[in-house]
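Protein chains in written order, with my numbering: chain A, 1 to 227; chain B, 228 to 454. We put the beta carbon where it would ideally sit given N, CA and C, even for glycine. Encoded as structure tokens, the structure appears first; notes follow it.
2 protein chains.
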Amino acid sequence: MTYGMDLLSNINKYIDHSVLKPFVTYKEIEKHCLFALEYKFASVCVNPFHTKLCYEILKNSEVKVCTVVGFPLGLTTKNIKIKEAVESVENGATELDIVWNISAFKSKDYTYVENELKEIIKHTPNVVHKIIVETAYLTQEEKIDALDIVIQSGAHYIKTSTGFAEKGADIEDVKLWKSLSKDRIKIKASGGIKDLNTVLAFINAGADRIGTSSTEKIMKEVDGNVL
Amino acid sequence: MTYGMDLLSNINKYIDHSVLKPFVTYKEIEKHCLFALEYKFASVCVNPFHTKLCYEILKNSEVKVCTVVGFPLGLTTKNIKIKEAVESVENGATELDIVWNISAFKSKDYTYVENELKEIIKHTPNVVHKIIVETAYLTQEEKIDALDIVIQSGAHYIKTSTGFAEKGADIEDVKLWKSLSKDRIKIKASGGIKDLNTVLAFINAGADRIGTSSTEKIMKEVDGNVL
Chain A
1 MTYGMDLLSN INKYIDHSVL KPFVTYKEIE KHCLFALEYK FASVCVNPFH
51 TKLCYEILKN SEVKVCTVVG FPLGLTTKNI KIKEAVESVE NGATELDIVW
101 NISAFKSKDY TYVENELKEI IKHTPNVVHK IIVETAYLTQ EEKIDALDIV
151 IQSGAHYIKT STGFAEKGAD IEDVKLWKSL SKDRIKIKAS GGIKDLNTVL
201 AFINAGADRI GTSSTEKIMK EVDGNVL
Chain B
228 MTYGMDLLSN INKYIDHSVL KPFVTYKEIE KHCLFALEYK FASVCVNPFH
278 TKLCYEILKN SEVKVCTVVG FPLGLTTKNI KIKEAVESVE NGATELDIVW
328 NISAFKSKDY TYVENELKEI IKHTPNVVHK IIVETAYLTQ EEKIDALDIV
378 IQSGAHYIKT STGFAEKGAD IEDVKLWKSL SKDRIKIKAS GGIKDLNTVL
428 AFINAGADRI GTSSTEKIMK EVDGNVL
């Protein structure tokens, strides 16, 4: 694949630098935030407990704090998801990556799934909402239903994966959503994206944002190409 | 290994039947609860969203509803963990399996870890508390510190694993805790326990409760031995 220097020079703007492992220390969170400041990523994506710490480091920059909600199983209650989302915004998050209720969806309780998302979004206006549907567990038909529900919810992005399921983002799913969505929603690809070529392939397929924890390796590859 | 018929006949009382996968449907939850009623397990262990449904099926039985809190990463905030615990008890849980704050522990912020547990326990009196410390991420020394902190918190059980880390329960960890705890706390082994011999080995090592989703296979092995 060939890509213009423009994309390579701006690839940082596509990246949510993900730091979601449970064993990450406070010092490591700080290091990741400084790294994100250096490269001006779109955001640092963290668990709720780390939101405040990230905000303190990132608050005077363009790098957003992105906090996950109901992560990674999506099976807390609606009430708790709302409280977690609201608290995360109070703590400095301006982007929320919300795991939808996978059990309700697989039970064909689409009304519950959509209403939960709508309520969370209603309670956290003025922030960016990305809905994680965990494609690893969905049939082809369900991936299409998922897109419809997430568009209906009013979210800004549909996001493929948590990175904690058996399988991460699939390029074909991004292409499918891109062709069906007619730009009514953006797409975030995440899970198993570990090198520059994969990042570029997902962007080429239609992804507007990339979630990855292999950011250091990817940016080294970018620097090698740009220099 | 040889074991008395007594243990085999009562092995159901050791088992928390775990149904924690995010894609489980409402109907499957019901089936799992009926299965637990048939075999009279200690509990059915579920995500918060499924607590009410389980309670409706199990309420007139000896089988407890066990709900996980902050599961599986332990990195929601203290405030949200308390709310999740309280709500789960309101919804019918009488046992709570709480993931402690792994990041705070790895950052040596033991005060935060212990206070969080104490506050959750204070807000949910009269239920059984099991604290998941996720041994997969702990050094030998940290496993000993973990035991001390969980005993200090006032919890009833220390629990090895979520089942979502790279590694589950280790028999040596259970032996270590059994020898050090002097019966000040009970032990729940979980994660990767998939057959009767493993269940028996963990009980023999000192486990008081076993968390497993391979319950059907295990009970078939028991039935084969007892008949």
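Chain A residues whose Cβ lies nearer than 7 angstroms to that of B:G301: P22
Ends of the alpha helix (DSSP H) at B:I420? Segment: none, B:I420 is in no alpha helix (DSSP H) and carries neither H nor E.
Neighbour flag for A:S103 against chain B, beta carbons, 7 angstroms: yes
Taking the alpha helix (DSSP H) that B:I437 belongs to, which residues open and close that run? No alpha helix (DSSP H) holds B:I437; the beta strand (DSSP E) holding it covers 436-439.
What's the gap between the Cα of A:K64 and the Cα of A:W177? So the alpha carbons of these two residues sit roughly 25 angstroms apart.
Assuming B:P275 and A:L117 are in contact, meaning their beta carbons sit under 8 angstroms apart, how far apart are those beta carbons, in whole angstroms? Not a contact, Cβ separation roughly 17 angstroms.
Limits of the unbroken beta strand (DSSP E) element including A:N43: Sequence check: residue 43 of chain A is Ser here, not Asn. Element bounds for A:S43: 43-46.
Cut-off 8 angstroms between Cβ atoms - residues of its own chain near A:V127, not counting five sequence neighbours on either side: V89, A93, T94, E95, L96
Quick check on the DSSP output: the beta strand (DSSP E) that includes A:V128 runs from which residue to which? 128-132
Which listed residue (A:A36, A:S103, A:A104, A:S61) has its alpha carbon closest to that of A:G211: A:A36
Could you compute how far the alpha carbon of B:A392 sits from the alpha carbon of A:A165? 11 angstroms
Proximal residues of chain B, C-beta to C-beta of A:S107 below 8 angstroms: T252, Y253, K254
Are A:A85 and A:T124 closer than 7 angstroms when you measure CB to CB? yes
B:S388 versus B:K370, B:D375, B:G418, residue with shortest Cα-Cα distance: B:G418
Any beta strand (DSSP E) of 3 or more consecutive residues that is wholly inside the segment 164-193 of chain A: Counting only runs of 3 or more, we get 186-190.
Contacts around B:I238, its chain only, beta-carbon distance under 7 angstroms, and the 5 residues preceding and following it disregarded: These residues qualify, in order along the chain: V426, V449.
Please give me, in chain order, every unbroken run of the alpha helix (DSSP H) with length at least 4 that falls completely inside the segment 34-118 of chain A. 51-58, 78-90, 102-106
Assign A:R209 to buried or exposed, taking buried as 16 or more other Cβ atoms, counted over all protein chains shown, within 10 Å of its Cβ. buried
Give, in chain order, every residue of the segment 33-50 of chain A whose Cβ lies closer than 9 angstroms to some Cβ of chain B. V46, N47, P48, F49, H50
State yes or no: is the C-beta of A:V68 within less than 7 angstroms of the C-beta of A:K81? Not closer than 7 angstroms, so no.
Per DSSP, the bridge partner or partners of A:H17: A:V44, A:T212
Is it buried or exposed for B:N452, if we count other Cβ within 10 angstroms and need 16 for buried? exposed
Is the CB-CB distance between B:I193 and B:I378 below 7 angstroms? With chain B represented from 228 up to 454, any question about residue 193 of chain B goes unanswered, as that position is not in the structure.
Would you give the residue range spanned by the beta strand (DSSP E) that A:I149 belongs to? Careful: A:I149 lies outside any beta strand (DSSP E), inside the alpha helix (DSSP H) at 140-153.
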